[in-house]
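Asks: Just dropping this structure here.
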Amino acid sequence: MSIKVYSTATCPFCTMAKNYFKKNNITFEDIDVGNDAVQAQEMIRKSGQMGVPVIDIDGAIIIGFDQQAIEKALKAAPAEKK
Amino acid sequence: MYDLIIIGAGPAGITASIYAARKRMNFLVITGNIGGQTLWTTNIENYTGYQFITGAELVQKFIEQLEQSRVQLKQGEKVISIKKEGETLKVTTDKAAYEARAVVIASGKVPRKLGVPGEEEYRNKGVAYCAACDAPLFSGMEVAVAGGGNSALDATLQLMNIASHISLIDASPRFKADPVMIEKIEASGKVTVYHAASIERIHGDTFMQGLTVRQSGKAFELPVKGLFVEIGYVPASDFKSDVALNEYGEILVNCNSETSVPGVFAAGDVTDVSAKQIIVACGEGAKATIAAFSYLERHKQEAL
C-alpha cells in the first residue's frame with residue numbers, strides 16, 4: 042500500500058491527517074507542496090483542485106482530512122501495517 | 409433514538425461531549441471538523457492552565473481528553489435541519505438523519521463568504537479561505553486578498569514572500585487593522601490596495617483566472633489566479649429550524665443555555681453569548697450539557 046500526504050507546513054488539517062496515520066502506525070510519504078512546485082502540480086492534477094491536504098491511498102484521492110473516506114480507502118487497500 | 413445530539417466539535421462541542429460522556433448519556437456528535445476556529449488560532453495566552461499554547465496543540469489536548477470516553481462521532485457531516493416532532497428532535501444532515509430527545513448546538517462560526525458569482529465554483533480552484541493552509545500553492549502567481557481587517561492583512565503578509573503580486577481589495581475606505589501591519593504592507597512595494605472597492609465576479613476556466621472589481625462606479629479586471637477571502641466570520645446557524653436568532657444570525661440563549669425550542673440548547677460562538685473566547689465556549693458547552701441532562705431527567709419523571 043502506498044500513501045502520500047500532500048501538505049503544507051502550516052495547515053492544521055494536514056497536521057491532523059499526518060497525526061492520524063502516525064497514531065495508527067501507518068507508513069506514509071509526506072510531500073510538502075509548499076517547497077516542491079513539481080509535486081504541487083502533481084497534486085493539482087490528481088485532485089483537480091488546489092486545497093490541502095490531498096491524500097493518495099493507492100490511487101484513491103481524498104481531498105481534505107476526511108477520516109471516514111480515509112478508513113474506507115484503507116479497507117479497500119491491502120493491509121500492510123508497519 | 410439518542411438522549412442527546414451535539415452539533416459541532418470546537419471548544420464548546422467537545423466540552424459538551426466530555427460532560428455527556430461523564431453523565432453516561434447515549435449521545436452522538438455531528439461535526440464538520442474537530443477543533444473549529446481554534447485550529448487556526450496561532451497563539452493562545454488566555455486559556456487558564458496554559459501560559460502559552462497554540463490552537464492546534466490545544467485542540468490535540470481536547471481530542472485526547474475526548475478519546476478517554478467512547479464517543480460516537482460523525483465527522484464531515486453538515487446539519488441541514490433540526491425539526492421537533494412531538495418530543496422527538498430530528499436532525500437531518502447532508503448524509504443521514506438522526507433522532508434524539510435533546511440537542512446541543514455548538515456549531516460555532518465559519519468564514520464569511522463574499523456571496524458573488526463564481527465563489528462556489530472556484531472554491532479551492534483559486535478561491536481560498538485559509539492563507540496558512542493554501543498560500544504556498546500560489547508561489548510566483550498574482551493573487552488577491554479580500555478584506556481590510558487584521559486577518560486580511562495577516563493573509564497578505566503571509567503571501568508576501570510567496571506570490572509575485574498581491575491586490576488587496578477592501579470594502580471600507582480605510583483599513584481596520586493594526587498600524588504595524590499596514591506599515592509593512594505599504595513598505596513592501598508588492599501590494600496594490602483598493603479601498604472602497606467590491607468584488608463583483610470571480611471567473612476562469614477549470615481554475616480561477618481573474619476577478620471583476622468595482623471601485624468608484626468603474627468596473628475593471630484583475631488577472632489573478634488566487635483570491636483569499638478574509639472578511640470575518642458568521643455564525644454557523646444556516647440550518648432549517650425553529651430556533652430564534654438575533655439580527656447577526658446568532659442563536660438566542662438564556663443563562664441556562666436554553667433556546668426558544670424546548671429540548672434544544674446552544675453553546676459557544678454560534679450563540680449571542682457576550683464573549684467569543686475559547687474558555688467561554690468551553691464553559692458554555694459544559695452548561696449546555698448539564699442543562700440538557702436536567703431537562704431529560706425532568707421529562708423522564710413527568711413521563712412516569
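Chains as they are written, first to last, in this note's numbering: chain U, 42 to 123; chain Y, 409 to 712. Where a beta carbon is used, it is the ideal one built from N, C-alpha and C, also for glycine.
Considering only C-alpha positions, which residue in the set I590/Y, I570/Y, K482/Y, G557/Y is nearest to S580/Y?
Replies: The count along the second sequence starts at 1 and reaches residue 580/Y at position 172. The shortest Cα separation from S580/Y among I590/Y, I570/Y, K482/Y, G557/Y belongs to G557/Y.
Asks: Say yes only if the C-beta of M57/U is nearer than 7 Å to one or more non-hydrogen atoms of the ligand ADP, and no if none qualify.
Replies: By its list of ligands, the structure shown contains no ligand whatsoever, and the ligand ADP lies outside what it can speak to.
Asks: Less than 8 Å between CB atoms is the rule here; does K122/U satisfy it with respect to chain Y?
Replies: Here residue 122/U refers to the residue found at position 81 of the first sequence. Residue placement at K122/U is flagged as unreliable, the pLDDT there being 49, under the threshold of 50; the coordinate-derived value follows with that caveat. Output row for K122/U: interface = no.
Asks: Label A539/Y either buried or exposed according to how many other C-beta atoms from any shown protein chain fall within 10 Å of its C-beta, with 16 as the threshold for buried.
Replies: Here the question's residue 539/Y lines up with position 131 in the second sequence. Buried: at least 16 other Cβ atoms inside 10 Å.
Asks: For the alpha helix (DSSP H) that contains S351/Y, what are its first and last residues?
Replies: In this structure chain Y extends from 409 to 712, so residue 351/Y is not present and cannot be described.
Asks: Take T564/Y and list the residues in its own chain whose beta-carbon comes closer than 7 Å to its own, dropping the five residues that flank it on each side.
Replies: Reading the second sequence from its first residue, position 156 is the one you call residue 564/Y. Correct list, in chain order: V553, I574, L576, I593, V599.
Asks: Classify P643/Y: buried if its beta carbon has 16 or more other beta carbons within 10 angstroms, exposed otherwise.
Replies: Residue numbering aside, residue 643/Y sits at position 235 when the second sequence is read from its first letter. The residue in question, P643/Y, is buried, as its Cβ has 16 or more Cβ neighbours within 10 Å.
Asks: Take S665/Y and list the residues in its own chain whose beta-carbon comes closer than 7 Å to its own, dropping the five residues that flank it on each side.
Replies: The residue given as residue 665/Y occupies position 257 in the second sequence. The answer, listed in chain order, is F673, A674, A675, E692, K695, A696, A699.
Asks: Output, in sequence order along the chain, the residues in the segment 80 to 101 of chain U whose CB is closer than 7 Å to any CB in chain Y.
Replies: Listed by position along the chain: A81, Q90, M91, G92, V93.
Asks: Based on Cα-Cα distance, which residue from Q566/Y, I607/Y, A417/Y lies nearest to S624/Y?
Replies: Taking the first residue of the second sequence as position 1, residue 624/Y is located at position 216. Among Q566/Y, I607/Y, A417/Y, the Cα nearest to that of S624/Y is on I607/Y.
Asks: Here's the rule I'm using: 16 or more other beta-carbon atoms within 10 Å means buried, otherwise exposed. How should D578/Y be labelled?
Replies: As a working mapping, residue 578/Y is identified with position 170 in the second sequence. Buried: at least 16 other Cβ atoms inside 10 Å.
Asks: Using a 10 Å radius around the Cβ and a threshold of 16 neighbouring Cβ atoms, would you call E705/Y buried or exposed?
Replies: Here the question's residue 705/Y lines up with position 297 in the second sequence. Classification of E705/Y: exposed, given that the 10 Å Cβ count is below 16.
Asks: Here's the rule: buried if 16 or more other CB atoms are within 10 angstroms of the residue's CB, otherwise exposed. What is K122/U?
Replies: Translated into the one-based positions of the first sequence, residue 122/U becomes position 81. With a pLDDT of 49 at K122/U, under the threshold of 50, the predicted position of this residue should be treated as unreliable, and no value is reported.
Asks: Between which two residues does the beta strand (DSSP E) harbouring T70/U extend?
Replies: Stepping through the first sequence from its first residue, residue 70/U is reached at position 29. Inspection of the sequence shows that residue 70/U is occupied by Glu rather than by Thr. First-last of the beta strand (DSSP E) with E70/U: 70 to 73.
Asks: In angstroms with no decimal places, state the Cα-to-Cα distance between K64/U and I461/Y.
Replies: To locate residue 64/U, count along the first sequence from 1; it is residue 23. To locate residue 461/Y, count along the second sequence from 1; it is residue 53. Approximately 22 Å between the Cα atoms of the pair.
Asks: Nearest to G391/Y by alpha carbon, out of N662/Y, A504/Y, K584/Y, Y703/Y?
Replies: Absent from the model: residue 391/Y. The displayed extent of chain Y is 409 to 712, so no value can be given.
Asks: Using only the alpha-carbon positions, how far apart do N662/Y and A652/Y sit?
Replies: For the purposes of this step, residue 662/Y is taken as residue 254 along the second sequence, with counting starting at 1. For the purposes of this step, residue 652/Y is taken as residue 244 along the second sequence, with counting starting at 1. Rounded to whole angstroms, N662/Y to A652/Y spans 12 Å at the Cα level.
Asks: What runs of the alpha helix (DSSP H), each 4 residues or longer, lie entirely inside the segment 570 to 619 of chain Y?
Replies: Counting only runs of 4 or more, we get 587 to 596.
Asks: At the 8 Å Cβ level, is T56/U part of the contact set with chain Y, yes or no?
Replies: Indexing the first sequence from 1 puts residue 56/U at position 15. Taking Cβ atoms only, chain Y reaches closer than 8 Å to T56/U, which makes this a yes.
Asks: With a CB to CB cut of under 6 Å and the five nearest residues on each side skipped, what residues in its chain are close to R515/Y?
Replies: Mapped onto the second sequence, residue 515/Y falls at position 107. Just to set this straight, residue 515/Y is Ser in the shown sequence, not Arg. The answer, listed in chain order, is I415, G416, A644, V678.
Asks: Just to confirm my understanding: we take C690/Y, look at its own chain, exclude 5 residues before and 5 after, and list those with CB closer than 6 Å. What are they?
Replies: On the second sequence, position 282 is the one that residue 690/Y refers to. So the qualifying residues of the chain are P419, T423.
Asks: Nearest chain Y C-beta to D71/U closer than 8 Å, yes or no?
Replies: Translated into positions along the first sequence, residue 71/U becomes position 30. Cβ-Cβ to chain Y under 8 Å: no for D71/U.
Asks: So, is P94/U buried or exposed, given that buried needs 16 or more other C-beta atoms within 10 angstroms?
Replies: Here residue 94/U refers to the residue found at position 53 when the first sequence is read from its first residue. Buried is the call here.
Asks: Using the Cβ count rule (16 or more neighbours within 10 Å means buried), how would you classify A536/Y?
Replies: On the second sequence, residue 536/Y is found 128 positions in, with the first residue counted as 1. By the 10 Å Cβ count, A536/Y comes out buried.
Asks: Show which residues of chain U have a CB atom less than 9 Å away from the CB atom of A464/Y.
Replies: On the second sequence, residue 464/Y is found 56 positions in, with the first residue counted as 1. Result: P53, T56, M57.
Asks: In terms of residue numbering, what span does the alpha helix (DSSP H) encompassing P631/Y cover?
Replies: Residue numbering aside, residue 631/Y sits at position 223 when the second sequence is read from its first letter. Careful: P631/Y lies outside any alpha helix (DSSP H) and carries neither H nor E.
Asks: Would the beta-carbon of G360/Y fall within 8 Å of that of Q109/U?
Replies: Examination of residue 360/Y is not possible in this model, given that chain Y is present from 409 through 712 alone.
Asks: Starting from R509/Y, trace the beta strand (DSSP E) both ways and give me its first and last residue.
Replies: As a first step, residue 509/Y is located in the second sequence; it is residue number 101 there, counting from the start. Segment 505 to 513, the beta strand (DSSP E) holding R509/Y.
Asks: I want to verify the contact list: residues of chain Y whose CB lies under 7 Å from the CB of A78/U, in sequence order.
Replies: Position 37 of the first sequence holds residue 78/U. In chain order: S547.
Asks: Is there a Cβ of chain U sitting closer than 8 Å to that of A675/Y, yes or no?
Replies: Here residue 675/Y refers to the residue found at position 267 when the second sequence is read from its first residue. Chain U contact via Cβ: absent.
Asks: What is the DSSP secondary structure of T49/U, reduced to helix, strand or coil?
Replies: In the first sequence, counting from the first residue as 1, residue 49/U sits at position 8. The answer is coil: DSSP assigns T49/U none of H, G, I, E or B.
Asks: Counting only Cβ pairs nearer than 7 Å, list the residues of chain U close to L447/Y.
Replies: As a working note, residue 447/Y is residue 39 in the second sequence. By Cβ distance, chain U contributes P53.
Asks: Using CA atoms only, rank isn't needed, just tell me which of K87/U, A118/U, K59/U is closest to Q468/Y.
Replies: If you number the second sequence from 1, residue 468/Y lands on position 60. When each option's Cα is compared against that of Q468/Y, the closest is K59/U.
Asks: Kindly say whether V135/U, judged by its beta-carbon, lies nearer than 8 Å to any beta-carbon of chain Y.
Replies: With chain U running from 42 to 123 in the structure shown, residue 135/U is simply not present.
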